[in-house]
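Following: one structure in structure tokens, then a few remarks.
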Amino acid sequence: MTNVAIVSPDHSLEPVDKVIAEHDFGCQFYKYIYKKMSDIDEIYQDCKGKCDVIFFSGELGYHYIKNKFPDIRIPCTFTAYEPIDVLSILLQFKIEHPQTPLNRIFCDFLTSTNNYMGIRQYIKKDDCPYFFEDTHYDYKHITAYAKKLWDEGKIDYILSRSINNLKRLDELHIPYVAVFPSEDMIVKSIRSAMKELRLNQIEQKDEISILIRLPFGEDIEQEEQEYREATVYKMLADYRKDTHRHFSISQGFNQFEIHDRLEAGTFEIDKLRPFLLRMKKELGFAFRIGAGVSSSKERSRYFAEHALMEANRYGRNDAFFVGEEGKVTGPLSSDTQLMYNYSNEKALNFSRENGINETNILKLISMFEQDEKQVISSHELSQLLGITPRSASRILAKLLDLRIIRLTENEVQDKSVRQGRPTHYFNFNVMEFRNALM
């Protein structure tokens, strides 16, 4: 019999208990309650060798275990919301609080990593609730952002899935409505997890999700939008026909989603490059691509969303990739592909303390890991990081002040990059770099 671990905050376990009692899933359940995120460490140790699946009642616990144990071999899943579920929650809120506009509430479960569940497609921008924009999805950062919005007088309520965090909201005297998954959502999520496990037991497959987003400006004409969407769809369909592949193509507003399945372990990042380079060559308008791979379709799409967010940050026509271990790789069109991970707390703290964008610091670490002896210039750094040469120069100047890098010995001055100004070249100070960032 399949053994499933149910991991949940105390208050979230009741609806899951009800579902388990009323439905036969053909498996044995083990229930675990955590009061703080670090409790999940001990829960995971207990699940090893005993459970086939770990099911979380919400996203926070799922994100925590995937970041803390990137090599985890036990399939993990969580109660996933669909756009219709979120719209239903917002509608119910309006029925119960008719005097409160939606743009005066903060939804702590709508984040950039889940693309805000597509809510912006259904609600006008000026009427949208506040979303959680930070990449650090944990109680501390959620609470800090909620307090900031409340103190600035921007919100009247919080719609919160962070059940273990409600006591903190009480202490801050911030009104909230606790959001629990419906019975139907829990049933679908558990059955989906069981189905995926059984399929994996029959044949091991990798699920591949690729998201292509067309960033439209506010001034773009409707005809131009339709032209760009039609052009990309035709390019995808032609590529599928030319390569004799059978991937699915689905289209939403300014976005395409590609899904495919391959034999486990056979996917290679370089397989994305031919089509990416073709798009860069043939398309005369902006696009961003994020790709994700996992044994679960749900997780592969989550990783693709995360990769797409990196592509948006990069701000150029390119693609990024996130795999099962959660590491970001890109830009994929570059001969030098950087690989970095947001779980490096030491580097993230350094970036905050020194006013350097965290993504840029993580990319610098990837450059260092690839070649500790390489020579760096602001021009080359700007190309790799997707920033201006001036911004790259500021980063290098800061690192030089901190003695993490040094001017190259017998430096050759080059005036070809910027007329009249020499280009400075730098090397890493290996020990200082490691001590500060790794």
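Residue numbers for the sequence shown follow the numbering used here, beginning at 4 and rising by one. All C-beta atoms in this analysis are idealised placements derived from N, C-alpha and C, irrespective of residue type, glycine included.
If I'm right that residue i touches residue j with Cβ under 8 Å, what's the distance once you round it to whole angstroms?
i      : j      : result
Ile166 : Ser381 : That belief does not hold up - the Cβ atoms of Ile166 and Ser381 are roughly 47 Å apart, past 8 Å.
Val89  : Ile57  : The Cβ separation is near 24 Å, so there is no contact.
Tyr37  : Pro12  : 6 Å
Asp55  : Thr5   : 5 Å
Val182 : His26  : Rounded, the Cβ-Cβ distance is 22 Å, inconsistent with contact.
Thr411 : Phe429 : 6 Å
Leu94  : Ile126 : At roughly 11 Å, the Cβ-Cβ gap does not stay under 8 Å, so Leu94 and Ile126 are not in contact.
Ser115 : Met312 : 5 Å
Measuring CB to CB, does residue i end up less than 8 Å from residue j?
i      : j      : result
Pro18  : Glu227 : no
Val235 : Leu217 : yes
Leu341 : Lys366 : yes
Ala307 : Gly318 : no
Tyr119 : Phe134 : yes
Phe256 : Gln386 : no
Asn363 : Leu399 : no
Tyr343 : Ile359 : no
Tyr499 : Leu63  : As displayed, the chain neither begins before 4 nor continues past 441, which places residue 499 out of reach and without an answer.
Ser303 : Ile211 : yes
Phe112 : Arg171 : no
Phe109 : Pro132 : yes
Leu239 : Ile272 : no
Asp321 : Ala314 : yes
Leu175 : Lys150 : yes
Asn352 : Lys401 : no
Thr138 : Tyr345 : yes
Use the C-beta contact count for residue i: other C-beta atoms within 10 angstroms, 16 or more gives buried, fewer gives exposed.
i      : result
Ser251 : exposed
Leu280 : exposed
Arg355 : exposed
Thr391 : exposed
Gly61  : buried
Pro434 : According to the sequence provided, residue 434 is Met. The question's Pro does not apply to it. Exposed.
Thr146 : buried
Gly287 : exposed
Gln416 : With a pLDDT of 49 at Gln416, under the threshold of 50, the modelled position of this residue cannot be trusted, and the question is left open.
Asp209 : buried
Asp374 : exposed
His247 : exposed
Asn168 : buried
Ser253 : exposed
Pro184 : buried
Arg201 : exposed
Thr269 : exposed
Ala24  : exposed
Tyr230 : exposed
Ala350 : buried
Val22  : buried
With a threshold of 8 Å between beta-carbons, can residue i be considered close to chain D, or not?
i      : result
Leu341 : Given the protein chain composition of this structure (a single chain), no chain D is represented.
Decide if the region 61-73 is in contact with the region 327-338; the criterion is three or more beta carbon pairs, one per stretch, under 8 Å apart. yes
For a minimum of 3 consecutive residues, which ranges assigned as the beta strand (DSSP E) are wholly contained in the region 143-217? 160-163, 179-181, 208-216
Unbroken alpha helix (DSSP H) runs of length 4 or more, entirely within the region 7-55: which are they? 16-25, 42-50
Examine the Cβ distances between the region 188-200 and the region 79-98 and report whether three or more of them are shorter than 8 Å. Segments in contact, yes.
Using 8 Å as the Cβ pair cut-off and three pairs as the minimum, do the region 272-288 and the region 334-341 touch? yes
Count the C-beta pairs between the region 160-177 and the region 283-296 that are closer than 8 Å, then say yes if the count reaches three, no if not. no
Is there contact here, the region 87-106 with the region 40-55, by at least three beta-carbon pairs under 8 Å? Contact check between the region 87-106 and the region 40-55: fewer than three CB pairs, one atom from each, fall below 8 Å, which does not count as touching.
Quick one: which unbroken beta strand (DSSP E) runs of 3-plus residues sit fully inside the region 279-358? Chain order, please. 291-297, 321-325, 331-333, 341-343
Would you call the region 58-68 and the region 98-109 touching, i.e. three or more CB-CB distances under 8 Å? no
Which parts of the region 83-136 are runs of the beta strand (DSSP E), unbroken and 3 residues or longer, counting only runs that do not cross its ends? 108-114, 133-135
Looking at C-beta atoms only, is the number of pairs between the region 388-396 and the region 428-439 that lie closer than 8 Å three or more? no
Uninterrupted alpha helix (DSSP H) stretches inside the region 358-397 (no shorter than 4 residues): Complete alpha helix (DSSP H) runs here, min 4: 361-373, 381-388.
Entirely within the region 240-286 and at least 4 residues each: give me those alpha helix (DSSP H) ranges in chain order. 276-285
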